[in-house]
Amino acid sequence: MANHDRREGLLSSSPSHRLPTVSASQALQSIHSRGARAVSTGLAQLNRILAPQGLPGHSIPGGLLRGKVTEVYGPSGVGKTAFGIQAAVNALCEGHGVVWVDAAAPLVPQRFNDVLVAATDPQGPGTTMSSPSDQRRAEMKSHFHHFASPTLAHLLALFVHPPAAFPPPNTSLVVINSLSTLLDNAYPRNADDRGSRTKSEPARWAAGRKFAVMNELISTLARVAALHDIALLLTCQTITRIRGGSRALLVPAISGAEWENGVSTRLVLFRDWIPAQGKSTDTDADRLQKARFVGVVKANGVTLAEERSVGNVVPFAIDSTGLCDINIATVDIAAPMAPTPQTSLSKRRFAEIGDSEEDADPDSDELYGWIEDDQVAAEGLLVVEQSDDINTAESRTDRVPEERSKKVARFATC
2 MANHDRREGL LSSSPSHRLP TVSASQALQS IHSRGARAVS TGLAQLNRIL APQGLPGHSI
62 PGGLLRGKVT EVYGPSGVGK TAFGIQAAVN ALCEGHGVVW VDAAAPLVPQ RFNDVLVAAT
122 DPQGPGTTMS SPSDQRRAEM KSHFHHFASP TLAHLLALFV HPPAAFPPPN TSLVVINSLS
182 TLLDNAYPRN ADDRGSRTKS EPARWAAGRK FAVMNELIST LARVAALHDI ALLLTCQTIT
242 RIRGGSRALL VPAISGAEWE NGVSTRLVLF RDWIPAQGKS TDTDADRLQK ARFVGVVKAN
302 GVTLAEERSV GNVVPFAIDS TGLCDINIAT VDIAAPMAPT PQTSLSKRRF AEIGDSEEDA
362 DPDSDELYGW IEDDQVAAEG LLVVEQSDDI NTAESRTDRV PEERSKKVAR FATC
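Numbering (this note's numbering), first residue to last: 2 to 415.
Take a look at the structure:
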């Protein structure tokens with residue numbers, strides 16, 4: 002009888018502990034009232050690619066999706082910090098707060114101020130009648146919170162055991178710049194241990210701890226992004242990996258199954274040469290010389306890049322005012338290829354003969370599918386598709402002049 006009364010009491014009090022029932026129309030209206038669910042990247046083409054699928058008749062703005070983790074990786078000097086500054090300024094212009102965490106070199110205030118002035122002053126930075134703009138910029142800067150994380154332990158303490166006021170209220174974007182530097186400093190790569198067949202006990206323990214810390218870190222970052230409805234942007238470096246006797250490949254410095262599962266969107270930044278355009282102004286020609294590219298490897302949990310590819314490629318340029326789009330026709334990008342030197346053919350023939358699993362690096366095959374199956378030209382930045390027909394190396398060399406006119410050029414990071 003006592004158990005029956007206790008059950009009655011639980012049943013009677015349970016509705017007060019449940020979430021209120023919300024109709025579909027009310028839920029849809031609340032979604033639209035919350036405003037943009039993404040932070041703009043500053044590139045219209047890239048925003049369209051990153052835009053999630055919405056209801057018919059409703060267009061959803063794209064960008065860095067809030068509640069998810071976005072990773073941007075690329076070699077040094079390609080524009081990862083500028084990409085983060087542009088996203089931070091766009092979030093501030095929307096009236097939200099931004100948290101910037103320095104994991105390597107400190108943020109240069111002048112670079113941030115130049116982009117902020119260009120975004121808030123439509124008349125240009127040289128005008129003098131901009132007192133309202135100055136007041137607005139001062140208010141926006143008060144919503145920009147800057148942290149420095151000299152070690153990996155500091156970063157883990159900030160996110161695993163955050164202070165009561167972290168992240169600040171109304172924050173829509175958190176940028177962790179050069180996260181891979183903290184991992185490399187905490188767990189440095191030892192060339193002697195990598196070359197030896199038998200690793201020492203401390204080296205094996207450190208390698209195991211590194212992946213455990215990486216998995217804990219990405220799960221914590223994903224939880225913080227989802228809990229506080231924040232777009233979390235990570236910038237990482239690349240490392241060089243050599244497989245067999247073939248060319249060197251640039252791969253992300255942080256990789257692993259758990260890490261890739263925790264990252265919702267993955268972008269790669271790289272540079273390449275663009276053929277001379279037919280008719281262009283001096284400004285356009287200068288931008289083409291400074292052209293950079295962003296490849297969408299993964300967008301909103303969906304992998305877009307196939308093997309030996311970087312996904313959808315968007316060209317852009319970086320100037321003192323931030324990121325800007327570049328319109329390049331596909332016919333201008335896919336220019337005729339220069340004849341491949343004879344040395345490249347000999348390397349290709351060597352790679353085909355040495356097709357043994359023992360000679361290959363067991364980790365390189367599983368790194369995002371960038372395996373050496375393509376003929377390389379222009380220092381390995383313009384890749385030419387190889388024929389699927391499997392024949393001997395001698396017959397393949399004889400058919401090179403005939404097949405080169407049918408091949409299509411595409412961009413790659415290596």
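Beta carbons are placed, not taken as given, at the ideal position from N, Cα and C, and that holds for glycine. Treat the numbers as computed from the prediction; the structure is a model and nothing was measured.
- At a Cβ-Cβ threshold of 8 Å, Gly68 and Ala52 do not count as neighbours.
- Annotated three-state conformation of Ser179 is coil, per DSSP.
- Burial is judged here by how many other beta carbons sit within 10 angstroms of a residue's own beta carbon; Gln54 has fewer than 16 and is exposed.
- For Lys299, the enclosing beta strand (DSSP E) has its first and last residue at Arg293 to Ala300.
- DSSP, read as helix, strand or coil, puts Gly263 in helix.
- The alpha-carbon of Pro189 is positioned some 21 Å away from that of Ala158.
- Our two residues, Val109 and Asp103, have alpha carbons roughly 11 Å apart in a direct line.
- With respect to the C-alpha of Ala88, the residue from Ala39, Phe271 and Tyr74 having the closest C-alpha is Ala39.
- Residue environment: Ile243 is assigned as exposed (fewer than 16 neighbouring CB atoms within 10 Å of its CB, all protein chains considered).
- DSSP places Thr322 outside both helix and strand once states are collapsed to three, so it counts as coil.
- When Arg272, Ala249 and Phe212 are compared, the shortest CA-CA separation from Ala258 is found for Phe212.
- Restricting attention to beta strand (DSSP E) runs no shorter than 3 residues, the segment 80-147 encloses them at 98-103, ordered along the chain.
- Going by DSSP, Leu51 is part of the alpha helix (DSSP H) stretching over Ala45 to Leu51.
- Secondary structure note for Leu234: its beta strand (DSSP E) is the uninterrupted segment Ala232 to Cys237.
- Counting along the chain, Val73 sits inside the beta strand (DSSP E) bounded by residues Val70 to Tyr74.
- DSSP places Leu250 inside the beta strand (DSSP E), whose first and last residues are Ala249 to Pro253.
- When rounded, the separation of the alpha-carbon atoms in Asp115 and Gly323 is 8 Å.
- Here Arg67 carries a coil assignment [DSSP, helix/strand/coil].
- Gly302 is classed as exposed because its beta carbon has fewer than 16 other beta carbons within 10 Å across all chains shown.
- Per DSSP, the beta bridge partners of Arg272 are Arg293.
- Looking only at Glu140, Ile50, Pro170 and Trp260, the smallest Cα-Cα distance to Ser220 is reached by Trp260.
- Take the alpha-carbon of Ala226 and the one of Ser24: they are about 26 Å apart.
- Annotated three-state conformation of Arg190 is coil, per DSSP.
- When secondary structure is reduced to three states using DSSP, Ile329 falls in the coil class, being assigned neither helix nor strand.
- Taking C-beta atoms under 8 Å as the contact rule, Val269 and Gln46 fail to qualify, at a distance of about 15 Å.
- In the DSSP assignment, no residue is bridged to Arg224.
- Three or more Cβ pairs drawn from the segment 66-80 and the segment 292-302 lie within less than 8 Å of each other, which places the two stretches in contact.
- In the DSSP annotation of this structure, the continuous segment of the alpha helix (DSSP H) that includes Ala154 starts and ends at Leu153 to Val161.
- Around Val264, the same chain offers Val70 and Glu72 as residues with beta carbons nearer than 6 Å, after the five sequence neighbours per side are excluded.
- Judged by DSSP in its simplified three-state form, Arg242 adopts strand.
- Residue pairing for Val40: DSSP places it in a beta bridge opposite Leu65.
- By the neighbour-count criterion, in which 16 or more other beta carbons inside 10 Å mark a residue as buried, Lys81 falls on the buried side.
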